[in-house]
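A short worksheet on the structure shown next.
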Amino acid sequence: MVVVSQHTPQDLQHLLMGMNYDRIFILSDNNTRKQCVEALMHLPALQGAVQMVVNTGEMTKSLETAAYLWRILKDEAATRHSLLLSVGGGMITDLGGFVAAAFKRGMQCVHVSTSLLGAVDAATGGKTGVNFEGYKNMIGFFYQPKHVIVAVDFFATLDTQQLLSGYAEMLKHALIASKEDWLKTIAWDTETMAIDQLSILLERNIAIKQHIVDMDPEEQSLRKVLNFGHTIGHAIESWTHQTQQPQPHGYAVMWGIVAEVFLSHKKLGFPVTYLQQLMSLMKQAYGRPAFTCKDYELLCELMQQDKKNMDAEHINFTLLRNLGLPEINQTATQEEIHEALDFLREG
Ligand SMILES: NC(=O)c1ccc[n+]([C@@H]2O[C@H](COP(=O)([O-])OP(=O)(O)OC[C@H]3O[C@@H](n4cnc5c(N)ncnc54)[C@H](O)[C@@H]3O)[C@@H](O)[C@H]2O)c1
Ligand SMILES: [Zn+2]
């Protein structure tokens, strides 16, 4: 179902030829329309397709935009047998999946994932959604696209921040998967940032997530391992959105990973060597987060609001006993969390 492609136009044409649908609707944002959709519009399969273009940015992932898109689908007489082709990063595939899931109780959708973060995380796994009243991804469905094309040939126009953001999620998959995956993934050179080197790792990296999702599609238990780094990461991400300098999801995830590997070392004896390796990568490529100890209380409150918690008192973590040995449903005391945050600032 997921194709990692170096030749997206040809692979997309081939894939569409093998599908049954009455019409195609293409969703993109201002950037991906220019950088990606334009390079696809000559395809025979896309002649006569209706283009729907929305603004770039997380603010667009809203119920209002979804309603705007449903209106176009209705006005253009789309049916359940029409196909929604989302061409973009995680914002576009989350929004496209959401719109497709609800329109006439589900129209077919295909994602062409054009960002690294979108490819390794958002486009696979079937989670769709929009943000609501300041809460990320609050309204959504589990809804599987018919196909996903990871458009590696479109990654050339991604900037350093976007690549590092996706790479953090790749490190997360490697940490929970195995020592072999870890060694291969950590060896990527964040100074030269060679995309061909990264794409060699992509197929396996996406398969790690896909395998876990297949075993627990609706996150009853095992899928929680994919939240590694995200309890602290999401809190830092939300915190940065309350400051003047919001940070990309993947940067917050990198900080969350380092903090949660620290907790894993403290509580489950995770080997310190890998912690040190991650810390030096963080300092060199991502930098340190900007919070001070005055922000710890707010950060802990944000962790308490996490959707994954079973109750208000205990913050739920996935931690690691070793590479490839994640443990779900772990908790940590406030003191331990403060220590992990200290480590991020000064370790
Ligand atoms: N559904 C899930 O399981 C899941 C998992 C992780 C993240 N997400 C969601 O994914 C989103 C973040 O993903 P993202 O970083 O891809 O966001 P995004 O789609 O906003 O893309 C980031 C920026 O990169 C641009 N872009 C995309 N592809 C490009 C290309 N090839 N060349 C040049 N520019 C390009 C976009 O236009 C945008 O400006 C968030 O909304 C997050 O909630 C969802
Ligand atoms: Zn993430």
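Numbering that gives the first Met the number 0 puts the first residue of the sequence shown at 0, with every later residue one more than the last.
For every residue, glycine included, the Cβ atom is placed at its ideal position computed from N, Cα and C.
None of the values given here were measured: they were computed from a predicted structure.
Query raised in the report: So, is Val271 buried or exposed, given that buried needs 16 or more other C-beta atoms within 10 angstroms?
Result: Exposed, since its Cβ has fewer than 16 Cβ neighbours within 10 Å.
Query raised in the report: Could you name the residues, in chain order, whose CB is less than 6 Å away from a heavy atom belonging to ligand 2?
Result: This criterion selects Asp120, Glu168, His229, His248, Val252.
Query raised in the report: Between Trp187 and Leu201, is the Cβ-Cβ spacing less than 8 Å?
Result: no
**Report entry** Enclosing beta strand (DSSP E) for Tyr134 [first to last residue]
**Finding:** 134-138
**Report entry** When Thr242, Leu319, Asn315 are compared against Ala173, the one with the closest alpha-carbon
**Finding:** Looking at the Cα atoms, Leu319 is the closest of the given residues.
Query raised in the report: Between the beta-carbon of Leu11 and the beta-carbon of Lys60, is there less than 8 Å?
Result: no
Query raised in the report: Three-state secondary structure (DSSP) at Ser237?
Result: helix
Query raised in the report: Any idea if Asp74 is buried or exposed, counting beta-carbon neighbours within 10 angstroms, 16 or more meaning buried?
Result: exposed
Query raised in the report: Quick one: Cα of Ser114 to Cα of Glu334, how far?
Result: 37 Å
Query raised in the report: With distances taken from CA atoms, which of Asp180, Gln219, Ile185 is nearest Ile205?
Result: Asp180
Query raised in the report: What number of angstroms, rounded off, separates the C-alpha of Thr230 from the C-alpha of Arg222?
Result: 14 Å
Report task. Taking 8 Å as the cut-off, decide whether the C-beta atoms of Gly255 and Gly228 are in contact. Result -> yes
**Report entry** Whole-number beta carbon distance between Lys208 and Thr123, since they are thought to touch under 8 Å
**Finding:** 6 Å
Query raised in the report: What is the rounded straight-line gap between the Cα of Lys145 and the Cα of Val109?
Result: Computed Cα separation, rounded: 6 Å.
Query raised in the report: Once you ignore the five residues that flank Val257 on each side, which residues in its own chain have a CB closer than 7 Å to its CB?
Result: Cβ-Cβ distances below 7 Å link Val257 to Leu277, Met278, Met281, Leu343 in the same chain, with the five nearest sequence neighbours on each side left out; the list follows chain order.
Requested in this report: If I'm right that Thr7 touches Val98 with Cβ under 8 Å, what's the distance once you round it to whole angstroms?
Outcome: Actually they do not touch by this definition, with Cβ atoms about 22 Å apart.
Report task. Give a yes or no on contact between the stretch 129-140 and the stretch 68-84, applying the rule of three or more CB pairs nearer than 8 Å. Result -> By the Cβ test, the stretch 129-140 is not in contact with the stretch 68-84, since fewer than three Cβ pairs between them sit closer than 8 Å.
Query raised in the report: Cα-Cα, which of Met18, Gly139, His240 is closest to Thr92?
Result: Gly139
Requested in this report: Run the CB neighbour count on Asp302, radius 10 Å, all protein chains shown included, and call it buried at 16 or more, exposed below.
Outcome: Before going further, note that residue 302 is Met rather than Asp in the sequence given. Under this definition Met302 is a buried residue.
Requested in this report: Sort Arg79, Gln9, Val53, Ala76 by Cα distance to Tyr67 and report the nearest one.
Outcome: Val53
Requested in this report: Check Met18 in the structure and name its three-state DSSP category.
Outcome: In the structure shown, Met18 sits in coil (DSSP, three-state: anything other than H, G, I, E or B).
Query raised in the report: Got a sec: does ligand 1 put a non-hydrogen atom nearer than 7 Å to the Cβ of Asp93?
Result: yes
Query raised in the report: Sorry if obvious, but does the Cβ on Cys35 come closer than 7 Å to a heavy atom of ligand 1?
Result: yes
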